[in-house]
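Quick note, my numbering runs 10 ahead of the 1-based positions in the sequence shown. In this text, a Cβ means the ideal position worked out from N, Cα and C, and glycines have one as well. Below: the structure, in structure tokens.
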Amino acid sequence: MKGKITTKEMTLVGLSAALMGVFSQLAIPFPTVPLTLQVFGAVLLAVILEAKISTLAMIVYTLIGAIGIPVFANFSRGFSVIVGPTGGYITGFIVLAFIIGKAAEQKNKKILILGAYIGLIMNYFIGTLQLKGVLNLSFQEAMVVGVYPYIIKDLILTGVAVGVGLQMKKQLRGILNESIKA
Numbered sequence: 011m012k013g014k015i016t017t018k019e020m021t022l023v024g025l026s027a028a029l030m031g032v033f034s035q036l037a038i039p040f041p042t043v044p045l046t047l048q049v050f051g052a053v054l055l056a057v058i059l060e061a062k063i064s065t066l067a068m069i070v071y072t073l074i075g076a077i078g079i080p081v082f083a084n085f086s087r088g089f090s091v092i093v094g095p096t097g098g099y100i101t102g103f104i105v106l107a108f109i110i111g112k113a114a115e116q117k118n119k120k121i122l123i124l125g126a127y128i129g130l131i132m133n134y135f136i137g138t139l140q141l142k143g144v145l146n147l148s149f150q151e152a153m154v155v156g157v158y159p160y161i162i163k164d165l166i167l168t169g170v171a172v173g174v175g176l177q178m179k180k181q182l183r184g185i186l187n188e189s190i191k192a
């Protein structure tokens with residue numbers, strides 16, 4: 011992420027952070043980790059907006075939730091969510107967006123698909139480590155709670171988000187062309 015950020019890019023970052031808040035509310039409560047469309051949203055935005063803007067959007071999303079705006083799943087908010095059991099999955103979106111965004115910049119569908127799944131794995135890894143640490147679980151126990159119930163949904167939604175994102179990127183080419191090379 012180099013260079014200055016333009017007004018258009020700032021707008022895209024803000025809108026994308028807001029969209030993540032919407033994707034977070036599309037949730038089914040589960041005991042420890044809620045079932046949401048956050049992964050779909052993060053992957054979709056990274057495919058469309060590439061590394062700089064999508065990574066900044068995830069940072070802004072994380073920060074606005076941390077300061078008390080209810081953008082996390084089930085309208086949760088606050089720094090306690092970030093340092094709590096599921097906070098690693100939220101902060102992991104920053105890494106996910108960067109990895110997928112960099113893959114999207116390569117303009118190669120195979121690299122993008124690989125990058126999307128590597129980004130998902132990194133998100134799960136970061137989230138699982140925090141879940142393990144906060145709840146004092148073994149890594150396997152944390153996987154049972156924080157990964158296994160969601161992995162099939164997220165694998166499918168990651169693939170769908172890549173496909174939808176590529177199509178949306180083509181459709182939005184004229185709007186995004188100053189910031190994103192579609």
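Can you tell me which of the options puts its alpha carbon nearest to the alpha carbon of residue i?
i: VAL32; options: LYS18, PHE82, LEU73 and ILE69; result: PHE82
i: GLY24; options: ALA67, PHE50 and ALA56; result: ALA67
i: ILE109; options: ILE166, LYS142 and MET132; result: MET132
i: THR16; options: PRO41, ILE58 and ILE63; result: ILE63
i: GLU115; options: LYS179, GLY184, GLU19 and PHE40; result: LYS179
i: THR168; options: PHE50, THR65, ILE100 and THR72; result: PHE50
i: GLN177; options: SER90, ILE123, GLU19 and VAL57; result: VAL57
i: ASP164; options: LEU130, PHE149 and LEU139; result: LEU130
In whole angstroms, what separates the C-alpha of residue i from that of residue j?
i: ALA192; j: VAL70; result: Here the model assigns ALA192 a pLDDT of 48, short of 50, so the residue's position is not dependable and the matter cannot be decided.
i: VAL170; j: GLY88; result: 31 Å
i: LEU29; j: ILE121; result: 25 Å
i: GLY94; j: LEU55; result: 25 Å
i: ALA113; j: GLU60; result: 8 Å
i: GLY175; j: GLY125; result: 14 Å
i: SER86; j: PHE40; result: 14 Å
Just checking my contact of residue i with residue j at CB under 8 Å: how many whole Å lie between their CB atoms?
i: ALA52; j: LEU106; result: 5 Å
i: GLN48; j: SER26; result: Contact doesn't hold; Cβ gap of about 13 Å is too wide.
i: LEU141; j: GLY98; result: 6 Å
i: VAL155; j: LEU147; result: 7 Å
i: GLY102; j: GLY137; result: 5 Å
Output the boundary residues of the alpha helix (DSSP H) element that contains residue i.
i: LEU66; result: 48–76
i: THR16; result: Taken as a continuous stretch (DSSP letters only), THR16 belongs to no alpha helix (DSSP H), as it is neither H nor E.
i: LEU167; result: 161–181
_Minimum length 4: unbroken alpha helix (DSSP H) runs contained in the segment 86–140_ = Taking only runs of at least 4 residues, the alpha helix (DSSP H) segments lying wholly in the segment 86–140 are 89–93 and 97–115.
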